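Colleague: Heads up, the sequence shown is in this note's numbering, so the first residue is 2 and it goes up one at a time. Backbone N, C-alpha and C define an ideal beta-carbon position, used for all residues, glycine too. Please read these numbers as outputs of a predicted model, since none were measured by experiment.
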Amino acid sequence: MDSLSILYIFKWWLYLFLIGVVSAPITFLVFRKFLNFGWGFSKLIGVLSAGYLLFVLSILKILPFDSFSIYITFLVVLVINLFIFKNHRKEIIEKIRSHIPAIVIEEILFATGLVFWAYVRGHQPAIEGLEKFMDYG
2 MDSLSILYIF KWWLYLFLIG VVSAPITFLV FRKFLNFGWG FSKLIGVLSA GYLLFVLSIL
62 KILPFDSFSI YITFLVVLVI NLFIFKNHRK EIIEKIRSHI PAIVIEEILF ATGLVFWAYV
122 RGHQPAIEGL EKFMDYG
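1. Is the number of C-beta pairs between the region 78-88 and the region 55-64 that are closer than 8 Å three or more?
2. Where does Phe117 fall in DSSP's three states?
3. Compute the beta-carbon to beta-carbon distance between Asn37 and His100, rounded to the nearest angstrom, for a pair I have assumed lies under 8 Å.
4. Within its chain, find whatever has a CB closer than 6 Å to the CB of Leu58; leave out the 5 residues flanking it on each side and keep chain order.
5. Could you tell me whether the region 11-21 touches the region 42-51, using the rule of 3 or more Cβ pairs below 8 Å?
6. For Phe35, does the three-state DSSP call read helix, strand or coil?
7. Which two residues bound the contiguous alpha helix (DSSP H) that contains Lys87?
8. Are the region 27-35 and the region 108-121 in contact at 8 Å, needing three or more beta carbon pairs?
9. Is Leu64 helix, strand or coil by DSSP?
10. Would you tell me roughly how many angstroms separate the C-alpha atoms of Val116 and Tyr9, rounded to the nearest one?
11. Pop quiz: Leu54 and Val77 are said to be a contact at Cβ under 8 Å. What is the actual Cβ separation, rounded to whole angstroms?
12. If you draw a straight line from the C-alpha of Asp3 to the C-alpha of Leu49, how long is it?
13. Along the chain, where does the alpha helix (DSSP H) that runs through Ser24 open and close?
14. Answer with buried or exposed for Phe69, where buried requires no fewer than 16 other C-beta atoms within 10 angstroms of its C-beta.
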């Protein structure tokens with residue numbers, strides 16, 4: 002892997018980390034009884050909630066399906082999570098501070114998996130993968 006590839010992977014990790022931080026308050030409510038309030042699920046919940054919101058708004062013809070609409074839906078998810086954070090601030094901060102080592106370990110595992118699968122996928126340039134199959138025609 003060259004340095005540009007590593008930069009792309011780092012950008013992906015950073016964006017997903019920010020999505021996880023933004024959606025941590027709602028994850029805290031859903032996974033309150035988990036050891037570290039479900040930090041590992043925060044990225045997934047953030048992407049799924051914004052993606053589903055965009056899907057519904059696009060199907061109902063309220064928003065077009067474009068990059069600006071993606072930013073709008075992430076902004077809506079951010080506002081909802083800020084409201085939840087405002088109401089549960091002390092609990093969330095206390096839980097995060099007490100579980101920083103577990104959160105760091107989870108992020109290291111996630112980054113390792115991301116780099117590994119980017120490496121694997123980068124060395125499999127076969128045409129029968131992803132959308133490249135349509136290039137046969």
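Modeller: Well, looking at it:
1. no
2. Here residue 117 refers to the residue found at position 116 when the sequence shown is read from its first residue. The answer is helix: DSSP assigns Phe117 an H, G or I state.
3. Along the sequence shown, one-based indexing puts residue 37 at 36. Along the sequence shown, one-based indexing puts residue 100 at 99. Contact holds; Cβ gap of about 4 Å.
4. Indexing the sequence shown from 1 puts residue 58 at position 57. Excluding sequence neighbours, Leu58 sits near Leu64.
5. yes
6. For the purposes of this step, residue 35 is taken as residue 34 along the sequence shown, with counting starting at 1. In the structure shown, Phe35 sits in coil (DSSP, three-state: anything other than H, G, I, E or B).
7. Position 86 of the sequence shown holds residue 87. Segment Ser68 to Asn88, the alpha helix (DSSP H) holding Lys87.
8. no
9. For the purposes of this step, residue 64 is identified with residue 63 of the sequence shown, where counting begins at 1. Coil, per DSSP.
10. Residue mapping note: residue 116 aligns to position 115 of the sequence shown, counting from 1. Residue mapping note: residue 9 aligns to position 8 of the sequence shown, counting from 1. Approximately 10 Å between the Cα atoms of the pair.
11. For the purposes of this step, residue 54 is identified with residue 53 of the sequence shown, where counting begins at 1. For the purposes of this step, residue 77 is identified with residue 76 of the sequence shown, where counting begins at 1. Sure, about 6 Å apart at Cβ, within 8 Å.
12. Residue mapping note: residue 3 aligns to position 2 of the sequence shown, counting from 1. Residue mapping note: residue 49 aligns to position 48 of the sequence shown, counting from 1. Approximately 31 Å between the Cα atoms of the pair.
13. Position 23 of the sequence shown, counted from the first residue, corresponds to residue 24. It is not in any alpha helix (DSSP H) - Ser24 carries neither H nor E in the DSSP assignment.
14. Residue numbering aside, residue 69 sits at position 68 when the sequence shown is read from its first letter. Classification for Phe69: exposed.
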